[in-house]
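Asker: Below is a structure I'd like to ask you about.
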Amino acid sequence: MTKADAKSLAKFPGPLLLLGAGKMGFAMLEGWLARGFAPGKLIVLEPQPAKAVTALTRRGLKLNPKAKAAAAAAIVIAVKPQTAPQALPALHGFVGKGTLVISIMAGRTLRFLENALPAGTSIVRAMPNTPAAIGRGITVAVGNGKVSARQRRQAGDLLAAIGAVEWTDDEGIMDAVTALSGSGPAYVFLLAEAMTKAGITAGLPAELAAKLARETVAGSGELLRRSALDAATLRQNVTSPGGTTAAALEILMGPGGFDELLTKAIAAATRRGRELAG
Ligand SMILES: NC(=O)c1ccc[n+]([C@@H]2O[C@H](COP(=O)([O-])OP(=O)(O)OC[C@H]3O[C@@H](n4cnc5c(N)ncnc54)[C@H](OP(=O)(O)O)[C@@H]3O)[C@@H](O)[C@H]2O)c1
Numbered sequence: 002m003t004k005a006d007a008k009s010l011a012k013f014p015g016p017l018l019l020l021g022a023g024k025m026g027f028a029m030l031e032g033w034l035a036r037g038f039a040p041g042k043l044i045v046l047e048p049q050p051a052k053a054v055t056a057l058t059r060r061g062l063k064l065n066p067k068a069k070a071a072a073a074a075a076i077v078i079a080v081k082p083q084t085a086p087q088a089l090p091a092l093h094g095f096v097g098k099g100t101l102v103i104s105i106m107a108g109r110t111l112r113f114l115e116n117a118l119p120a121g122t123s124i125v126r127a128m129p130n131t132p133a134a135i136g137r138g139i140t141v142a143v144g145n146g147k148v149s150a151r152q153r154r155q156a157g158d159l160l161a162a163i164g165a166v167e168w169t170d171d172e173g174i175m176d177a178v179t180a181l182s183g184s185g186p187a188y189v190f191l192l193a194e195a196m197t198k199a200g201i202t203a204g205l206p207a208e209l210a211a212k213l214a215r216e217t218v219a220g221s222g223e224l225l226r227r228s229a230l231d232a233a234t235l236r237q238n239v240t241s242p243g244g245t246t247a248a249a250l251e252i253l254m255g256p257g258g259f260d261e262l263l264t265k266a267i268a269a270a271t272r273r274g275r276e277l278a279g
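Counting in this note's numbering, the sequence shown tops out at residue 279, every number present.
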């Protein structure tokens, strides 16, 4: 599902509670509002709300409500994983029988969430990435045994507000997902940095090198996204035999090149994810 396909959330049941309105949480909040979610059905728990969040209280959003509210239809947990033990107890009054809980915390497993929340809670663990901030993230989601088909659709609708959504039934792949798409934007930014430095070394003025790298990475990414061709074919299409691109690719695709480095890097990130999950 892409952002453009994402459904209107005007009829989504409320209340919807967001725990943690930082970078990711706020991106989701913006996505929901852009899809017609009524601010009056939103509750945000956040100790240091940004001005933009506080401003939404004028449109009916409830920020850190003191009075005990009714159970939420859905809850999205977007605090840092290390904050979870202190933050999750605040949810108890909001988790009722039919409440759907979605966690986007890196490394926090379904089992951890099941232990931290009332028994029998429907829980979806999801891993988005930072292009979520412009509605162009990709999220992989997995639900526990309590998630109904309807709740799965609802979780998909909420997550689609920040980009594409893929489902898996195998939580075991989440560390590899985190290593590929969760951390992936950093690899792409590093590519732009390295291209800039290499361009400067090759004799380009720094500002021009940075602009050429940025636009090349961004434009190629957009071309890859829109094209029916796969990445390998698009690469071959800019590579004439014996030409300049071929000379560069001989290095990049040779021993110790891109493939090998990325395989090692993603394996290291996957291992680290497993270690952090305990
Ligand atoms: N950023 C990424 O690339 C990425 C990718 C995939 C998944 N994630 C996951 O998304 C989650 C959020 O990441 P982020 O980058 O958005 O972090 P963030 O900007 O630090 O947001 C977390 C927010 O939670 C707030 N918070 C702290 N304690 C709280 C409490 N007890 N109750 C309610 N809110 C509390 C924080 O407030 P303070 O600032 O006052 O502490 C902060 O505003 C993390 O679990 C992360 O693993 C992030």
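For glycine and all other residues, C-beta sits at the position ideal for the given N, C-alpha and C.
#1: Among the residues of its own chain, which have a CB less than 7 Å from the CB of Gly32, if the five just before and after it don't count?
#2: Around the Cβ of Ala56, are there at least 16 other Cβ atoms within 10 angstroms (buried) or fewer (exposed)?
#3: Between Leu102 and ligand 1, is there a pair consisting of the residue's CB and a ligand heavy atom that are separated by less than 7 Å?
#4: Within the 8 Å Cβ cut-off, does Gly173 reach chain B?
#5: When you compare the segment 167-179 with the segment 118-131, are there three or more beta-carbon pairs, one atom per stretch, that lie closer than 8 Å?
#6: Our contact map puts Leu111 next to Asn65 with C-beta atoms below 8 Å; I'd like the distance itself, whole angstroms only.
#7: In the DSSP output, which residue or residues are listed as bridge partners for Lys63?
#8: Let me check you understand the geometry: is the CB of Val178 closer than 7 Å to at least one non-hydrogen atom of ligand 1?
#9: Based on the DSSP output, what are the partners of Arg126 in its beta bridges?
#10: Starting from Ala178, follow the alpha helix (DSSP H) in both directions and report where the run begins and ends.
#11: Contact defined as beta carbons within less than 8 Å: I believe Ala79 pairs with Gly23. What is the distance between those atoms, to the nearest angstrom?
#12: Roughly how many whole angstroms lie between the Cα atoms of Pro16 and Thr58?
#13: Between the segment 147-166 and the segment 187-206, do three or more beta carbon pairs fall short of 8 Å?
#14: Answer yes or no: do Ile76 and Thr100 have a C-beta to C-beta separation smaller than 8 Å?
#15: Helix, strand or coil for Val80 per DSSP?
#16: Just to confirm the assignment: which complete alpha helix (DSSP H) runs, minimum length 4, are found wholly within the segment 162-225?
#17: In three-state DSSP terms, what is Thr3?
#18: Can you pull the DSSP bridge partners for Leu17?
#19: Under three-state DSSP, which class holds Gly274?
#20: Thinking just about the alpha-carbon of each residue, which of Thr240, Gln87, Thr122, Ser182 is nearest to the one in Val96?
Answerer: Here's the rundown:
#1: Hits under 7 Å: Gly136, Ala162, Ile163.
#2: Here Ala56 is exposed: its Cβ has fewer than 16 other Cβ atoms, across all protein chains shown, within 10 Å.
#3: It is Val, not Leu, that sits at residue 102 in the sequence shown. False, no ligand heavy atom lies under 7 Å from that Cβ.
#4: Among the chains of the structure shown, chain B does not appear; only one protein chain is present.
#5: A contact is defined here as three or more CB-CB pairs under 8 Å, and the segment 167-179 meets this definition with respect to the segment 118-131.
#6: Not confirmed; about 28 Å, so no contact.
#7: Answer is Ile44, bridged to Lys63.
#8: No, Cβ of Val178 sits at least 7 Å from all heavy atoms of ligand 1.
#9: Under the DSSP definition of a beta bridge, Arg126 partners with Ser104, Val143.
#10: The residue you asked about is not Ala; residue 178 is Val in the sequence shown. Where Val178 is concerned, the enclosing alpha helix (DSSP H) stretches over 175-178.
#11: Right, their Cβ atoms sit about 7 Å apart.
#12: So the alpha carbons of these two residues sit roughly 14 Å apart.
#13: By the Cβ test, the segment 147-166 is not in contact with the segment 187-206, since fewer than three Cβ pairs between them sit closer than 8 Å.
#14: When the beta-carbon positions are compared, Ile76 and Thr100 come within less than 8 Å of each other.
#15: In the structure shown, Val80 adopts coil according to DSSP, grouped into three states.
#16: Segments of the alpha helix (DSSP H) lying fully in the segment 162-225: 175-178, 185-202.
#17: Because Thr3 carries a pLDDT of 45, less than 50, the predicted location of this residue cannot be relied on, and no value is offered for it.
#18: For Leu17, the pairing in a beta bridge is given by DSSP as Leu43, Ala75.
#19: Three-state result, Gly274: helix.
#20: Nearest of Thr240, Gln87, Thr122, Ser182 to Val96, Cα basis: Thr122.
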